[in-house]
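As C-alpha cells, the structure follows; a few thoughts come after it.
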Amino acid sequence: MRFPLSDEDRNEMERYQLRSSCVHCFFYVQAEKRCAHEWPSEQQAQWPLSDASEMSLCKEFELA
1 MRFPLSDEDR NEMERYQLRS SCVHCFFYVQ AEKRCAHEWP SEQQAQWPLS DASEMSLCKE
61 FELA
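According to the working numbering, the residues represented by the sequence shown are 1 to 64, in order.
Spelled out as C-alpha cells, the structure:
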C-alpha cells in the first residue's frame, strides 16, 4: 500500500519514533537482506523518511 507523506506525517514519525521499514519487521531476514515472505522491499528500503514524498506499507509488517 502506497500513500503520500505530508510534513505532519514525517514530524509524527520522528516525534513518536514510528517504524515501518522492512528492516524493522519481524519477517526481515537481515543476513540475506530480504523479506522471509519474498515480498519486494525496494520501496521499504528508504529509512528514515525525512526526505521522502511518499511511503509504502506492507500488510504483513510486524514490529520486531
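Yeah, the Cβ is synthetic: ideal placement off N, Cα and C, and Gly gets one too. Values in this document were obtained by computation on a predicted structure and should not be read as measured data.
Tell me whether Ser-50 is buried or exposed, calling it buried when 16 or more other Cβ atoms sit within 10 Å of its Cβ. Position 50 of the sequence shown, counted from the start, is the residue given in the question as residue 50. Under this definition Ser-50 is an exposed residue.
Report all residues from its chain with a CB closer than 7 Å to the CB of Phe-27; omit the five preceding and five following residues, and keep chain order. Translated into the one-based positions of the sequence shown, residue 27 becomes position 27. The residues are Cys-35, Ala-36, His-37, Glu-60, Glu-62.
Do Leu-57 and Met-1 have their C-beta atoms closer together than 8 Å? Position 57 of the sequence shown, counted from the start, is the residue given in the question as residue 57. Position 1 of the sequence shown, counted from the start, is the residue given in the question as residue 1. For Leu-57 and Met-1, yes; Cβs fall inside 8 Å.
Distance CB(Glu-42)-CB(Pro-4) smaller than 8 Å: Residue 42 sits at position 42 when you count from the first residue of the sequence shown. Residue 4 sits at position 4 when you count from the first residue of the sequence shown. It is not a contact, given that the beta carbons lie outside the stated cut-off.
Give the single residue among Trp-39, Pro-40, Asp-7, Cys-25 whose Cα lies nearest to the Cα of Ala-64. On the sequence shown, position 64 is the one that residue 64 refers to. Minimum Cα distance to Ala-64 is reached at Cys-25.
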